[in-house]
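Here is the structure we will look at, set down as structure tokens.
Residue numbers (the numbering used here), protein chains in the order written: chain A, 6 to 232; chain B, 6 to 232.
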């Protein structure tokens, strides 16, 4: 329990040869720069943060930063990629034979919120950058497309197994689910009067049962999507 | 069909005495300033817009602006108040005896989205200001509180009439509904790959049946909120 927070997993089970030590140092340094960058983004806004601000906060030389991240934008991309990686892990799990997709989706929904729970300041800073800067937004849209495809695959697996309703396409379900989950994350950061993970769980429990096949007994009012 | 867009309703059924003409001019001028302000917010961002930018776009003197809006912030407040007014109208409708709250809520959800459908640029500008400026955000939180109380009243009426599920408090349902509806509006503005009103309708049809009492037959997986 004595090593630092984020790099611990990379230590485990490795041998302690010099080359591994070098690799560990690299991972540690990258992580330190990354965490410092997020801290500064939260404090002064993504757009107003310079690479110098980050290297100063991380206590590394400017050249060191560029060994790990070609630009500040790449730090932001790493943040987005963590969310994509969570969806990829969920898809891998959903592909396991006899695995119900229901707990996989639930875990994903709360995990995505949990990843962001740490800091409403950071979320606001990141979303403000996306809202006010077209190139930053283009990157997000690109990632949203990828995320939607992965989520759509999970939902299609659920449809094949009879768990997810089939009167909506997996693509439509993925689009609306993604919009809702991203939306509550931003909405929460504007008015963080609760725990984000808890709100995400509550929204999931309240609204999402309707995407599952087994809770659809009497739904006269819900019409088929006419895309 | 010859009068301008936004002021038309105020003309109808009024008599044309000089004092009414003065009042009509006031309404027209206020509306012209307001629309010009929103246009400029959308173009260059709320925070970067000055009162001069607005009066120039509206083709009025700077003094005229201050006859209608004490500050630029009051223009934004008007935008927020339009949303509150929509919830107030819905509450009034819901209070009508024998009025089902279901169509009232559905109309409200799509109306709120419809009000915002015009311009993703404007939405992004306004939400960016809320995300990056604490006093602007405080105003929003204040309005969200009021909106939540109104929505909660509508939901409580539905609960009394047996239309809305009672295992959640009206306040919890209002909080989660508001978070979701505001969220999809911001989320959409970041990635406007569909019509907002249509997305809001789809989210409503897909996710919201679960707040109604009559669609709850088999919901083993949905547990009661433990606040």
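Ideal placement from N, C-alpha and C gives every residue a C-beta, glycine not left out.
Check the Cβ of residue 92 of chain A against every Cβ in chain B and list those closer than 7 Å, keeping chain order. Within 7 Å Cβ-Cβ: nothing; residue 92 of chain A doesn't reach chain B, min ~16 Å.
Backbone CA spacing between residue 198 of chain A and residue 217 of chain B [nearest angstrom]: 25 Å
Pull the bridge partners of residue 217 of chain A from the DSSP assignment, please. A:169
Do we get a CB-CB distance below 8 Å when we pair residue 46 of chain A with the residues of chain B? no
For the alpha helix (DSSP H) that contains residue 80 of chain B, what are its first and last residues? 77-100
How would you call residue 214 of chain B, buried or exposed, if buried means at least 16 neighbouring beta carbons within 10 angstroms? buried
Using a 10 Å radius around the Cβ and a threshold of 16 neighbouring Cβ atoms, would you call residue 24 of chain A buried or exposed? exposed
Which listed residue (A:171, A:81, A:102 and A:155) has its alpha carbon closest to that of residue 90 of chain A: A:155
Does the region 173-180 of chain B come within contact of the region 139-147 of chain B, defined as at least 3 CB pairs closer than 8 Å? no
Quick check: residue 88 of chain B and residue 117 of chain B, are their CB atoms within less than 8 Å of each other? yes
Along the chain, where does the alpha helix (DSSP H) that runs through residue 54 of chain B open and close? Run containing residue 54 of chain B: none; DSSP gives neither H nor E here.
Mapping the DSSP letters down to three states, classify residue 12 of chain B as helix, strand or coil. For residue 12 of chain B, the predicted model reports a pLDDT of 36, less than 50, meaning its position is unreliable and no value from the coordinates is stated.
CB-CB length for residue 195 of chain A against residue 135 of chain B, believed under 8 Å: 6 Å
Which chain B residues sit within Cβ distance under 7 Å of residue 215 of chain A? 211, 212, 214 and 215
Give me the chain B residues within the contact set of residue 132 of chain A, using Cβ-Cβ distance strictly less than 7 Å, ordered along the chain. 136
Alpha-carbon to alpha-carbon, residue 190 of chain B and residue 124 of chain A: 22 Å
Can you list the residues of chain A that residue 129 of chain B reaches, using a CB-CB cut of under 9 Å? 135, 136, 137 and 142
Chain A within 8 Å of residue 238 of chain B, Cβ atoms only: In the structure as shown, chain B starts at 6 and stops at 232, and residue 238 of chain B therefore has no counterpart that could be examined.
What do you reckon, are the CB atoms on residue 84 of chain A and residue 35 of chain A nearer than 8 Å? no
Could you tell me the alpha carbon to alpha carbon distance between residue 43 of chain A and residue 70 of chain B, rounded to whole angstroms? 41 Å
Are the C-beta of residue 146 of chain B and some C-beta of chain A separated by less than 8 Å? yes
Our contact map puts residue 76 of chain B next to residue 67 of chain B with C-beta atoms below 8 Å; I'd like the distance itself, whole angstroms only. Contact flag wrong, Cβ pair sits at about 13 Å.
Which class does residue 25 of chain A belong to by DSSP, given the choice of helix, strand or coil? helix
Closest by C-alpha distance to residue 115 of chain A, when choosing among A:185, A:32 and A:40: A:185
Rounded to whole angstroms, what is the Cα-Cα separation between residue 22 of chain A and residue 28 of chain A? 10 Å
Suppose the cutoff is 8 Å on Cβ atoms and the five residues either side in sequence are ignored; what does the same chain contact list for residue 109 of chain B look like? 95, 98, 99 and 159
Kindly say whether residue 176 of chain A, judged by its beta-carbon, lies nearer than 8 Å to any beta-carbon of chain B. no
Under three-state DSSP, which class holds residue 224 of chain B? Residue placement at residue 224 of chain B cannot be trusted, given a pLDDT of 43 that sits under 50; the coordinates are not used to answer.
Alpha carbon to alpha carbon, how far is residue 49 of chain B from residue 130 of chain B? 8 Å
Note down, in chain order, every chain B residue with its Cβ under 9 Å from the Cβ of residue 191 of chain A. 132, 136, 187, 188, 191, 192 and 195
Using the three-state DSSP reduction, which class does residue 197 of chain A fall into: helix, strand or coil? coil
Where does the unbroken alpha helix (DSSP H) through residue 68 of chain B begin, and where does it stop? 67-73
Take residue 163 of chain B and list the residues in its own chain whose beta-carbon comes closer than 7 Å to its own, dropping the five residues that flank it on each side. 106 and 169
The region 153-177 of chain A: which residues have C-beta closer than 8 Å to a C-beta of chain B, in chain order? 173 and 177
How many whole angstroms separate the CB atoms of residue 193 of chain A and residue 181 of chain A, which I take to be in contact at a CB cut-off of 8 Å? Not a contact, Cβ separation roughly 18 Å.
Alpha carbon of residue 79 of chain A to alpha carbon of residue 112 of chain B, nearest angstrom: 42 Å
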